[in-house]
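Note that the protein sequences, when read in sequence, are chains A and B. According to my numbering, numbering within the first sequence proceeds without interruption in unit steps and concludes at 85. According to my numbering, numbering within the second sequence proceeds without interruption in unit steps and concludes at 1604. Glycine included, every Cβ here is placed at the ideal spot set by N, Cα and C. Values in this document were obtained by computation on a predicted structure and should not be read as measured data. Below is one structure, written out as structure tokens; comments come after it.
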Amino acid sequence: MVPLSWYIFLSAALFSIGLYGVLARKNVIAILLGVELMLNAANINLVAFWRYGNTALMGGQVFSIIVFAVAAAEVAVGLALVIAIYRTRKTVIADELDLMKW
Amino acid sequence: MTAEQIIFFLTAALILISALMVVTTRNLVHAALWLIAVLFGAAVLFATLDASFLAVVQIVVYIGAIAILFIFAVMLTRRNLLDKVSQTNAGWPWAAGISVAAFAGLVFLVGQMHNAGAQKGEVSGDPLMALSTALVSPDAYVLAFEVASIMLLAALVGAVYIANRK
């Protein structure tokens, strides 16, 4: 049987990979991909804790659905910003978006 | 090994290898396709955890909408940063170090947990029915559910406004 810790180790690894993607990548879209990986790691954790805890309490799954909605909103607004920035600045590299850097 | 463990290991290998490809591959369209593999692996995990609704939602919403949105965004912006340029910024060793440190810290914390070796209990009742009841019950999570839907609506209207060509 699969103990709870295996799921947590898997989601910890997935979270760390996503963190690396967010910190290391240049392209703004690649950074958003890293954020998606981290959100999925959180979702796996939430569902695993729900399943190994009291399954009559649905908090874990409901929280997971909220995370789905937040992820969808984040991607929609994020990619809209990327496209708007690309239209005016002709770049998607995070380092070059330094208009507000003093 | 039981069948459950074999399925878990195969899924975990799929998820981790695909996730590494997402953060390392040069071509962003390929990165988005590897992300689909990660999301599919997560859906398999949800299915093994008896969260059938979330498994379906993961396929429909994440793969069907979010991943496709990524592919569209990649195609609407300049293809790649030219193939010769590095895809990572100058501080990437720091990023790798921070990620490894975060992973080590998380593993350490899991080692401190007293119920880390817990096994699955029996599922009580019908989880799908319980979930749908909890989402619309005033005693449970109807407020969070409505707030999430308003937030999604506001975000989508905002996205349309921002991306709209003036």
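Asked	Found
Check whether I76(A) and N10(A) have beta carbons under 8 Å apart	yes
Closest by C-alpha distance to S1537(B), when choosing among L6(A), I(-9)(A), P(-14)(A), I66(A)	L6(A)
Sheet register partners of I76(A) (DSSP bridge)	N10(A)
Short Cβ contact (8 Å threshold) for G1559(B) with T38(A)	yes
8 Å Cβ cutoff, N10(A) in contact with chain B	yes
Interface residues of the stretch 32 to 56 of chain A facing chain B [CB-CB below 9 Å]	W33, R34, Y35, G36, N37, T38, A39, L40, M41, G42, G43, Q44, V45, F46, S47, I48, I49, F51, A52, V53, A54, A55, A56
Listed by chain order, chain B residues near M21(A) by CB distance under 7 Å	Near M21(A) there are no residues of chain B at all, since even the closest Cβ is about 10 Å away, more than 7 Å.
For A1586(B), the nearest candidate out of L82(A), I49(A), E19(A) (CA to CA)	I49(A)
Contact set between Q1525(B) and chain A, taken where Cβ atoms lie within less than 9 Å	A7, R8, K9, N10, A13
Nearest residue (CA-CA) to A1470(B), options F1508(B), G1596(B), A1533(B)	F1508(B)
Enclosing alpha helix (DSSP H) for Q1496(B) [first to last residue]	Note, Q1496(B): premise wrong, no alpha helix (DSSP H); not H, not E.
Simplified DSSP state of T1486(B), which is helix, strand or coil	helix
Buried or exposed (CB count within 10 angstroms, at least 16 for buried), A1480(B)	buried
Beta-bridge pairing of T1526(B) - partner residues as DSSP gives them	R8(A)
V30(A) beta carbon less than 8 Å from that of F1484(B)	yes
CB contact check: D1488(B) to chain A, cutoff 8 Å	yes
Distance, M1567(B) Cα to T1515(B) Cα	43 Å
Limits of the alpha helix (DSSP H) - the one that V1574(B) falls within	1565 to 1574
Extent of the continuous alpha helix (DSSP H) to which Y1599(B) belongs	1580 to 1601
Interface residues of chain B facing M83(A) [CB-CB closer than 7 Å]	The premise fails here: M83(A) is roughly 17 Å from chain B at the closest Cβ pair, so nothing lies under 7 Å.
Local Cβ density within 10 Å of P1565(B), reported as buried at 16 or more and exposed below that	buried
Amino acids of chain A, ordered along the chain, whose beta-carbon sits closer than 7 Å to that of G1596(B)	V60
As assigned by DSSP and simplified to three states, the class of E19(A)	helix
Per-residue contacts from V30(A) into chain B (C-beta, under 7 Å)	F1484, L1487, A1489, L1492
Within-8 Å CB hit, M1439(B) to chain A	no
Cut-off 7 Å between Cβ atoms - residues of its own chain near F46(A), not counting five sequence neighbours on either side	L29
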